[in-house]
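Sequence order for the protein chains is A and B.
Take any residue in the first sequence, count from 1 to its spot, add 393: that is its number in this note's numbering.
Take any residue in the second sequence, count from 1 to its spot, add 3: that is its number in this note's numbering.
C-beta atoms are modelled at their ideal positions from N, C-alpha and C, and glycine is treated no differently.
All remarks here apply to the structure that follows.
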Amino acid sequence: MWHRERILLLLAFVQSVLVVGWCFTEMEAGPGAAMSTQTNGDRFKIEGRAIVPGVKTQDWVSTARVLVDGEEHVGFLRTDGSFAVNDVPSGSYVVEVVTPTYRFEAVRVDITSKGKMSNVLFHRARLVNYIKTSEVIRQPYPLQIRSSGPHSYFMKRETWGWTDFLMNPMVMMMVLPLLIIVLLPKVVNTNDPEMRKEMEQSMNMLNPNPELPDVSELMTKLFSGSKGSSKAGSSSKGTRPAAKRRGKHSGASRAKKLSMQNNNADLDSWDQ
Amino acid sequence: MAELILLWLKCIILYNAVDAVFEDQVGKFDWRQQYVGKVRFSHFDTHVQSSKKVIVATENNVFAALNTRTGELFWRHVDKSGPEGNIDALLHHGQDAILVVGNGRLLRSWDVNVGGLNWEIVLDSGSFQKACLVGQQGTVKHVAVLKKNIISLHYLSNGHQKWIENLPDSETVDYQTVYSGGNGEVYALGIVPHSHIVIIAYSTDDGEIIKQISVEAPWLSNIVASCAVIGQGVLICVDSATPSLYMYNLNPNMDDLQMTQIPLQSLGLEVAPDFQPVLVSHQPNSAHQPLSEFFLQLGPDNFLLLQFNNGQIVTLRDFKPALLVSFATTGEKTIAAVMSPKNKTACSINLFSAETGRRLLDTTLIFVMDPNGGKPEKIYIQPFLKKDDSVGYRAMVQTEDHTLTFIQQPGRVMWIREEALSDVVTMEMVDLPLTGTQAELEGEFGKKADGLMSMVFKRLSSQLILLQAWISHLWKLFYDARKPRSQVKNEVTIENLSRDEFNLQKMMVMVTASGKLFGIDSKTGSILWRHYLNDVPSNAAFKLMVQRTTAHFPHPPQCTLLIKDKDTGLTTLHVFNPIFGKKSHVTPPALPQPILQSLLLPLMDQDYAKVLLLVDDQYKVSAFPSTKNVLQQLQEMASSIFFYLVDSSQGRLSGYRLRTDLSTEQIWEVVIPMEIQRIVSVKGKRPNEHVHSQGRVMGDRSVLYKYLNPNLLAVVTESTDTHQERSFVGIILIDGVTGRIIHEAVQRKARGPVHIVHSENWVVYEYWSTKSRRNEFSVIELYEGMELYNSTVFSSLDRPHAPQVLQQSYIFPSAISTMEATLTEKGITSRHLLIGLPSGGILSLPKMFLDPRRPEIVSEQSREENLIPYAPELMIRTEWFINYNQSISRVRGIHTSPSGLESTCLVVAYGLDIYQTRVYPSKQFDVLKDDYDYMLISSVLLALFFATMISKRLAEVKLLNRAWR
């Protein structure tokens, strides 16, 4: 609430200043010719400097422009990187340096003429915040806009390399058990009956958790769809308690199917 | 904090969602052409002998340097459009170019080599008249600027003002020009029309008035039009009434009060009737005096080279016929170039010595005029000294259709710039015709069955033809591969144009403001045909319609361009073939009445041309083509043909229905009070748009049906009160058939310019919020609800339920120049918004960011629906720029067109530049990606094959061994 009042006050102040400014210029307008060229009527200028670290200014200034509030006012960069946008009335502006190669942050500049009947200017530069428009984080004025590097326009291609392939977690998961299967019999003497017993036990331990869905079963259900075939699918694996899982799985697979249809129907899906 | 997390989440989500350009795709599907506009001033850079630059300042407020060898841009500076960036004068000295911008608002100095700004200063207010360089003792150090009431002198090095003086009696005297002969004085020349000339000499050092004189000249009305300064400061004027030349010596020690009159008859000359004679003088170096030779134009095709010698005027040479003349200087030599017509299609340019008027040998250059172009308008000569001290030259010819042609002796065209393309008004993309073989194949499906055997035979024969074509293609590939790459030419010409497999290559028909039409190949960007319409009024509005596509083979495709004079409303039609650019033999109807509205109906006549209806100001309708067949169809359909008219000057929208006798009746009217708001734009949907899905599946498996009214109009209004507290932007959705207002929304504390896209069941618009000083997007979506009223057909007359309206707004962190939505063949692909930014980028923003169903609180259902949580600020990511670093200046329009592939949309952005590319809003789901790794897949397949072979063999061996055991 307090904020709003303050803004209103500020607005009123700006307006009054503007009015004063207008009176002032009208008075000056008559002989005008011999007065200083610093300010032209109620028009002001925005000054600053753009810097691209490590790059010669000559290489990029010819493609650069300074845009004030879109294309409302346009300025150009001097050969040393400095710029001045002339002929801007008082107000609040977003100033951005635009080049196709380098990225610059936009800055908000507020211009108000300070005091009565005087031509002293008050420039304030701050970070652009479109959400909290009244928030002020001061920036230096005249502007010092430093490039934060080149624009990134391109996506990286997914390249295929042996290291990528080998470091893939899925491949690791496949390769490691393979190694174990191949190498373990060589290391451990399988002819020893005690050892064999122990191994059988551990193999039983490794058997998949009955609560987890089975891939092959899921696939058969997906493709056949009907309940009858789901029985057939589950019956191929006779050792596990199937009755409990059957209902669950068919439900899950149906949901999956539906969601797939969803995806097909509406390609808006954004996490593909 | 929560905001931050949301933002972060958004980033992560977006990263997956977005398909950007890959670096290796640069230039593969896209091209850009950069233009500067109609040239107003041009200078060759003569600072260095071997310089390849020509600097141009144009009517589009562009200042650029072109490469004279290739015609490409070295650099280009695009100022603000409109009168504030208008370039009033261009002065060139050494490596500096001085510009006066915005009616004398700014004075700028550019470094021509680098293309950077040296300095810029604000000039005092006052309307600009003339500027000139001021030299002293052989060097140029100052620039003088003459305004309506002041004259000022500035240093060339830093722009600082040396002095400024008020011009005496500036209320009565019209000061028009300023001159300096390099002797330490600056002359301001003013005139009181039909009374006297005022000449004021200022001292260059301190601005002191050395001399002030008024000379009687009751016959003179404009100095700039009929006077020039020649020789040692002699003002020479020409008067067509007497007809005679008048001379006055500006030198301060002469004190005549009269101008010397030399009747033209005494020189044996005669002025062509009704022609205002023109004088052309030349000052090779601002530090020195102008030449004492000058051109006098006595008729449209008659020039004279005259010399002023000791108070006498001598005729050096009479050029008749001559179209254009120009002076040029290289080193110490000044030459006069004269262009004269040779025959109907060609002109010849010859050089003459300026001092003697003698023709220089071997300097003839032939300029072949394009029969589809305009007449030559200006000629710029770049002379150079050859090794044997003779003069060689190149010439740049500017024609009426804004074309720049750069020619070299003896007439080789080095480059052509079609600057008319800097001002494209409207465009269409037309499918290319099928080749003979393709047409044969298509024909097979079109015909009715005539027996099994013949069908089989036809099928086989067409397959044979295909095989033949394929083999010849392979052979050509093989043949080309043996030749060195530079020799292989893959040029597209009109003859070998044909549709490609997926209809990705199309003909871009572009209409420019100057009245020149272009046909451009969308794949390469090469101009295939051009056609200049001579009689286009300067303030014309254009509408381009495709009446017949290439699909109806023996009939040629047909486009109709409607050219309407904005002042009188009178309209002419230009009917042409969009593939070849030739004017059609179909004669368009004469339209004596102003035309208010035009409609392209889906009806076709017996020649498959769509019917164009034109409504004149008496509300009478005329049809084109208007054969009996068409009129009969119209009578049958009349009761279902509705149209609307917008009268923005009175704030009136009205709907009409066609009667069977082709008269109309008004059926509805909506009046928007003019005192409060005015209609800015009315947008319907695009007629070639398809919507694939009728509804959206919600998280709970129900369907929300879209309100797909093809007759819906979006009307944008702006308040007349521009005060930032009271201004507003209104949007009204009206059914165009019934006039029923479907929805009305008002954005308070907002002002235009409003950019709007209307498609499917949504309207997206952008405006400036005066309260928060930012650009905001708003989206309106219309839904029928959970049930569809009549799912088979939509009728505006039978839709009892009002649609549900959802709306949401967002902050957009940049101003925008234009906006358009992507368009695909069947509308299955998700939509993106293409947004042209002032920075030159074209942002491809997925429509799902502008979805009023974006929830503030994420729920299970919204997640299942793939809704992105609401965040107030939309982001601009440079990865979304479809044109990467190929910025497009002043984007005015974006044209989207479907291709044969559902995933692909063809995009053309035009403004000062033209950019063409393809976009894949849902990625390339229907075609293998261009980086598809054939090598990997085939090597894996081969490896697997061999692995099976080997393992099979091993297994056999193992079995055998076991059997032996």
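Are residue i and residue j close, meaning C-beta to C-beta below 8 Å?
{"i": "B/K56", "j": "B/G107", "result": "no"}
{"i": "A/A457", "j": "A/I538", "result": "no"}
{"i": "B/P841", "j": "A/L536", "result": "no"}
{"i": "B/T337", "j": "B/P287", "result": "yes"}
{"i": "B/L102", "j": "B/A60", "result": "yes"}
{"i": "B/T720", "j": "B/R751", "result": "no"}
{"i": "B/G654", "j": "B/P676", "result": "yes"}
{"i": "B/P858", "j": "B/S847", "result": "no"}
{"i": "B/I2", "j": "B/V910", "result": "Since the first residue of chain B shown is 4 and the last is 968, residue 2 of chain B is not available in this structure."}
{"i": "B/V328", "j": "B/V341", "result": "yes"}
{"i": "B/F646", "j": "B/L707", "result": "no"}
{"i": "B/P386", "j": "B/A331", "result": "yes"}
{"i": "B/I737", "j": "B/L870", "result": "no"}
{"i": "B/V146", "j": "B/I58", "result": "no"}
Which chain B residues are close to residue i, counting only those with a beta carbon under 8 Å from its beta carbon?
{"i": "A/V454", "result": "V117, G118, G119, L120"}
{"i": "A/D462", "result": "A818"}
{"i": "A/P493", "result": "G843, N888, Q889, S890"}
{"i": "A/H516", "result": "Going along chain B, no residue has its Cβ under 8 Å from A/H516, so there is no contact; the nearest lies around 16 Å."}
Decide if residue i is buried, meaning its Cβ has at least 16 other Cβ atoms within 10 Å, or exposed.
{"i": "B/W532", "result": "buried"}
{"i": "B/A966", "result": "exposed"}
{"i": "B/I90", "result": "buried"}
{"i": "B/P379", "result": "buried"}
{"i": "A/K614", "result": "buried"}
{"i": "B/V433", "result": "buried"}
{"i": "B/K850", "result": "buried"}
{"i": "B/Q621", "result": "exposed"}
{"i": "B/L170", "result": "buried"}
{"i": "B/T725", "result": "exposed"}
{"i": "B/S862", "result": "exposed"}
{"i": "B/T207", "result": "buried"}
{"i": "B/A244", "result": "exposed"}
{"i": "A/F469", "result": "buried"}
What does residue i touch in chain A if you count any residue whose Cβ is under 9 Å from its own?
{"i": "B/P344", "result": "Within chain A, no residue comes near B/P344; the closest Cβ sits about 40 Å away, beyond 9 Å."}
{"i": "B/T332", "result": "The contacting residues do not exist; B/T332 stays about 28 Å from chain A at best."}
Taking Cβ-Cβ distances shorter than 7 Å, what residues in chain B pair up with residue i?
{"i": "A/I524", "result": "I814, P875, E876"}
With DSSP as the reference, please indicate the residues paired to residue i in a beta bridge.
{"i": "B/Q750", "result": "B/V732"}
{"i": "B/W166", "result": "B/L156"}
{"i": "B/G788", "result": "B/Y708"}
{"i": "A/I439", "result": "A/V478"}
Give the residues of chain B in contact with residue i, contact being defined as C-beta atoms less than 9 Å apart.
{"i": "A/S485", "result": "R776"}
What does residue i touch in chain A if you count any residue whose Cβ is under 8 Å from its own?
{"i": "B/V24", "result": "Y546, F547, M548"}
{"i": "B/I27", "result": "The question names Ile, yet the displayed sequence has Asp at residue 27 of chain B. Under the 8 Å cutoff, chain A gives R550."}
{"i": "B/K623", "result": "Those within 8 Å of B/K623 in chain A number zero; the least Cβ separation is about 43 Å."}
{"i": "B/T881", "result": "R496, H544, S545, Y546"}
Please compile the residues from chain A whose C-beta is within a distance smaller than 7 Å of the C-beta of residue i.
{"i": "B/H80", "result": "F469"}
{"i": "B/F884", "result": "Y546"}
{"i": "B/K829", "result": "Going along chain A, no residue has its Cβ under 7 Å from B/K829, so there is no contact; the nearest lies around 11 Å."}
{"i": "B/D934", "result": "R550"}
Taking 7 Å as the cut-off, is the beta-carbon of residue i closer than that to any non-hydrogen atom of the ligand ZN?
{"i": "B/R502", "result": "Ligands are entirely absent from the displayed structure, and the ligand ZN is therefore not among its contents."}
At a CB distance below 7 Å, what residues from the stretch 468 to 480 of chain A approach chain B? Give them in sequence order. F469, L470, R471, T472, A477, N479, D480
Near-chain A residues of the stretch 889 to 919 of chain B (beta-carbon distance less than 7 Å), N- to C-terminal order: S890
Members of the stretch 954 to 965 of chain B that neighbour chain A once the beta carbon cut-off is set at 9 Å: Those would be none; no residue qualifies.
Please identify, using Cβ separations under 7 Å, the residues of the stretch 90 to 119 of chain B that lie next to chain A, in order along the chain. R108, L109, D114, V117, G118, G119
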